[in-house]
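Asks: Mapping of the sequence shown onto this note's numbering: residues 20 to 207, in sequence order.
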Amino acid sequence: MKTIHGYPFRVLFLCAVLLLNAGCDQASKFIARSQLKGQGTVQVVSSFVVLAYAENRGAFLGLGSHIPKALRVILLGAVPLLVLVVLFIYLLRAKDMRLLTLAGFGCVLGGGIGNIAERLVRGYVVDFLNFGIGRLRTGILNIADLSVFAGVIIVAFTMKKHEPPDTGNLSTDDGPKPQEFGTDLDNN
20 MKTIHGYPFR VLFLCAVLLL NAGCDQASKF IARSQLKGQG TVQVVSSFVV
70 LAYAENRGAF LGLGSHIPKA LRVILLGAVP LLVLVVLFIY LLRAKDMRLL
120 TLAGFGCVLG GGIGNIAERL VRGYVVDFLN FGIGRLRTGI LNIADLSVFA
170 GVIIVAFTMK KHEPPDTGNL STDDGPKPQE FGTDLDNN
């Protein structure tokens, strides 16, 4: 298991992944605002990828877009920002973390910061990507959403892969052992 022990390296690596994700997100939103706004939909890669400009004032799939603005700022801006700050501090203090796991968390932080920054500055998040086949399609999303999703998958995979095996009853009692499947205890 490759772990990251050096504090300076951990800080630099995490910040690099975070800034790369947030930077790509902000650049893509700038391009979407300048090239897609008012243009309708643009099919890319057949109809698997569709570009469609949308200003999302809510959360995922626009949920919460109709709640009062002040409450939206708190629920979709301040609270998630606080969570990301706590996560960032935790990651800086984590001593034994695999590089890939830290990269996954960096994706989550970068995507989260990309969306939160835009929401706090503009009052909405620019979404412009839609994926699907035929009528089976995603909602309209952005690079930050993809970054968070990819980060969660990476973290889940790397943490699950190295989870200690379940030992069942941790008792040190040397009592009777459970019967194995397919054994016959009556034939002695």
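Cβ coordinates follow ideal geometry from the N, Cα and C atoms, glycine included.
Small disclaimer: the values here were computed from a predicted structure and weren't measured.
Count the other CB atoms within 10 Å of the CB of Arg156; is the residue buried (16 or more) or exposed (fewer)?
Replies: Here residue 156 refers to the residue found at position 137 when the sequence shown is read from its first residue. Per the 10 Å Cβ criterion, exposed.
Asks: Would you report the Cα separation of Val104 and Phe28, rounded to the nearest angstrom?
Replies: Position 85 of the sequence shown, counting from 1, holds the residue named residue 104. Position 9 of the sequence shown, counting from 1, holds the residue named residue 28. Cα to Cα, Val104 sits roughly 19 Å from Phe28.
Asks: Taking the alpha-carbon positions, what's the Val63 to Phe79 distance?
Replies: If you number the sequence shown from 1, residue 63 lands on position 44. If you number the sequence shown from 1, residue 79 lands on position 60. The straight-line gap from Cα to Cα measures roughly 23 Å.
Asks: Alpha carbon to alpha carbon, how far is Asn40 from Gly125? Give it in angstroms, no decimals.
Replies: Locating residue 125 in the sequence shown gives position 106, counting from the first residue. Locating residue 40 in the sequence shown gives position 21, counting from the first residue. Each residue's alpha carbon lies about 8 Å from the other.
Asks: Hey, out of Phe147, Tyr109, Ile152, whose CA is closest to Asp164's CA?
Replies: Residue 164 sits at position 145 when you count from the first residue of the sequence shown. Here the closest residue by C-alpha is Phe147.
Asks: Taking contact to mean at least 3 C-beta pairs separated by less than 8 Å, is the stretch 98-112 in contact with the stretch 61-76?
Replies: In short, these stretches do not touch, since the Cβ pair count stays below three.
Asks: Between Leu139 and Ala51, what straight-line distance do the alpha-carbon atoms span, to the nearest angstrom?
Replies: Here residue 139 corresponds to residue number 120 of the sequence shown, with the count starting at 1. Here residue 51 corresponds to residue number 32 of the sequence shown, with the count starting at 1. About 18 Å.
Asks: Taking only runs that begin and end inside the stretch 120-192, name each unbroken beta strand (DSSP E) of 3 or more residues, in chain order.
Replies: You should have 144-152.
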